[in-house]
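Letter 90 of the sequence shown, counting from 1, is numbered 90 in full-length UniProt numbering, and no numbers are missing.
Backbone N, C-alpha and C fix where the C-beta goes; we use that ideal spot for every residue, glycine too.
Predicted model, so just to flag it, every value in this text is computed and none were measured.
A short write-up of the structure that comes next.
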Amino acid sequence: MNRIIGLDLARGIAIFFAMTSHTFSALHYNAGLSMNLVFRTSTPLFIVVFGFFLHRIYLRKMNESGFAFIKIKLWTRAVQCYVLYALSCILLGLSMQYSIAYTLRMMIFLGGTPFTDILKYYTLILISAPYLLLFISRYGLKYAIGLSFIPHILSFFSLLKPITFIPFGHYLSAMTYGGGEIVAGPSVLHSFVFILLGFYLSVVLQNEGSRSSIIKHDKNRHILMACVVLLSSLFALYATGNMTIDDLSGMSLRNSNAYPYFLFGCLSSILFIEFSLLTAHYVKQIYLSPLLLFGSSSLILFSFGNCILYSIYDEYQFTFLLYLLILFFFYFICRINFSLKKVPSKRFQFILKYISVGYVKLLIK
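Here is the structure:
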């Protein structure tokens, strides 16, 4: 139980970092090198935790109920995610006074959507997730991990080119396979490394019995060794001048799907998850509830929370009191979402779920 709470806590930390980073951007506040470096850990951590739960929950369900069942479940979630993304695009277009044409472009993944790109990414990854689970069920995790390095090798040799045969296709190629450098990183294919790290951590923790830590057991010292190798690689890149701390704290490595970003992301995710597991083991759950609430309301917060930021973009200067007020609104959104879970008949997501299930079944047929 502590392991699941620990992973929920890690997801809550990732979302808190991401929304704080978005808030600072909306208020044009530079938090400094150290905080920006911390903020860069949020996306890898969120994706690794997603991979953990994908393995822990959905792989078992697929083995029990079959591929078609899990495909409907995950595609339903993808439709829900897309609806929230489309809503965010509409509100972004209204807030920024974009044209109807550009708003529609954003809705079909052919435009830039600051802050809510994660919803676009999440939609695509949920569509591909059933096939990833099917591959791993048939061939094993090690082959999937091996294949996940192919996009990184192709990127290293600059072999991934943007889509040019459709207008604005570089937005789509950057998001799906890393063809082009725009604000859309990491790509879906490149980020399979993070997802499969989450799979691997799920396997490790499943074999740990009642222990709550990743590296506490002698059998899992290779996890600690992996951290050492990743850290050594980062220091080597830094020492040779191929990478600076400024690079890691910015968006350039992420948007270009550069391999130092993935080294840093894997290392930071392992460390944050280990910290979260130990915290969940020694700290009472009631003290962790705000972050756990953030973790359980990720899609709603990424949609409606970012819509709040769209409405205040360029309107206010940063003050700590204003930041706390925005944070309170984020918490309020999560609390409403949590409360409405107890009243399914009045919950927006309840209605959305059944619309989504019907639509997905039509697609599958």
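Determine the direct distance from the alpha carbon of residue j to that of residue i, and round the result to whole angstroms.
i, j, result
"Asn-36", "Leu-141", "33 Å"
"Gln-80", "Asn-63", "24 Å"
"Met-243", "Phe-149", "21 Å"
"His-281", "Val-229", "27 Å"
"Arg-56", "Leu-205", "10 Å"
"Phe-17", "Leu-104", "29 Å"
"Tyr-121", "Phe-338", "24 Å"
"Gly-241", "Phe-50", "33 Å"
"Ala-86", "His-22", "19 Å"
"Met-106", "Lys-284", "43 Å"
"Tyr-82", "Cys-89", "10 Å"
"Leu-324", "Phe-330", "10 Å"
"Tyr-29", "Leu-321", "14 Å"
"Phe-24", "Gln-97", "22 Å"
"Asp-247", "Ala-236", "15 Å"
"Ile-245", "Gly-66", "46 Å"
"Gly-93", "Lys-341", "30 Å"
"Tyr-238", "Ile-100", "45 Å"
"Tyr-102", "Thr-116", "16 Å"
"Thr-319", "Ala-31", "12 Å"
"Ile-70", "Leu-147", "23 Å"
"Ser-252", "Trp-75", "31 Å"
"Tyr-143", "Ile-286", "41 Å"
"Tyr-261", "Phe-157", "17 Å"
Using 8 Å as the threshold, is the C-beta distance between residue i and residue j below it?
i, j, result
"Ile-333", "Ala-26", "no"
"Ser-232", "Leu-33", "no"
"Ile-4", "Ser-276", "no"
"Arg-11", "Ser-298", "yes"
"Arg-77", "Pro-186", "no"
"Leu-293", "Arg-335", "yes"
"Thr-176", "Leu-234", "no"
"Leu-278", "Val-48", "no"
"Cys-307", "Leu-91", "yes"
"Gly-295", "Met-19", "no"
"Leu-288", "Leu-9", "yes"
"Leu-159", "Gly-178", "no"
"Phe-52", "Leu-7", "yes"
"Ser-155", "Pro-162", "no"
Specify the secondary structure class of residue i as computed by DSSP and reduced to three states.
i, result
"Gln-97", "coil"
"Asn-63", "helix"
"Ser-256", "coil"
"Ser-210", "Bear in mind that a pLDDT of 45 at Ser-210, under 50, signals an unreliable position, so the number given afterwards is only what the model happens to contain. DSSP places Ser-210 in coil when its eight states are reduced to three."
"Gln-317", "coil"
"Ser-187", "coil"
"Arg-40", "coil"
"Ala-236", "helix"
"Leu-45", "helix"
"residue 377", "Missing from the structure shown is residue 377; the chain here goes from 1 to 365 and no further."
"residue 366", "Any question about residue 366 goes unanswered here, given that the chain covers just 1 to 365."
"Asp-8", "helix"
"Pro-290", "helix"
"Gly-265", "helix"
"Ile-90", "helix"
"Asn-242", "coil"
"Val-283", "coil"
"residue 448", "Past the edges of the chain, shown from 1 to 365, lies residue 448, and the structure says nothing about it."
"Phe-157", "coil"
"His-28", "coil"
"Ile-108", "coil"
"Tyr-310", "helix"
"Gly-178", "coil"
Could you work out which residue in the options is closest to residue i when comparing CA atoms only?
i, options, result
"Ile-326", "Arg-56, Gln-317, Leu-309", "Leu-309"
"Tyr-259", "Phe-168, Ile-127, Ile-153, Gly-179", "Ile-153"
"Cys-227", "Asp-246, Gly-198, Leu-237, Leu-263", "Leu-263"
"Lys-73", "Ala-86, Leu-59, Leu-84", "Leu-59"
"Ala-68", "Ile-127, Thr-319, Tyr-238", "Ile-127"
"Lys-61", "Met-251, Tyr-143, Ser-137", "Ser-137"
"Glu-315", "Phe-199, Phe-156, Pro-114, Ser-95", "Ser-95"
"Phe-46", "Ile-15, Trp-75, Ser-65, Ala-31", "Ile-15"
"Leu-291", "Tyr-200, Phe-157, Phe-328, Leu-201", "Phe-328"
"Leu-54", "Ile-286, Tyr-261, Tyr-238, Tyr-200", "Tyr-200"
"Pro-114", "Tyr-139, Val-188, Tyr-171, Ile-145", "Tyr-171"
Under 7 Å from any heavy atom of the ligand MN, does the C-beta of residue i make it?
i, result
"Leu-271", "The ligand MN is not among the ligands present in this structure, which contains no ligands whatsoever."
Check whether the segment 267-274 touches the segment 37-57, counting contact only when three or more Cβ pairs, one atom from each stretch, lie closer than 8 Å.
yes
Counting Cβ pairs closer than 8 Å, one from the segment 187-200 and one from the segment 122-138, do we hit at least three?
yes
Does the segment 104-118 come close enough to the segment 160-169 to have 3 or more Cβ pairs within less than 8 Å?
yes
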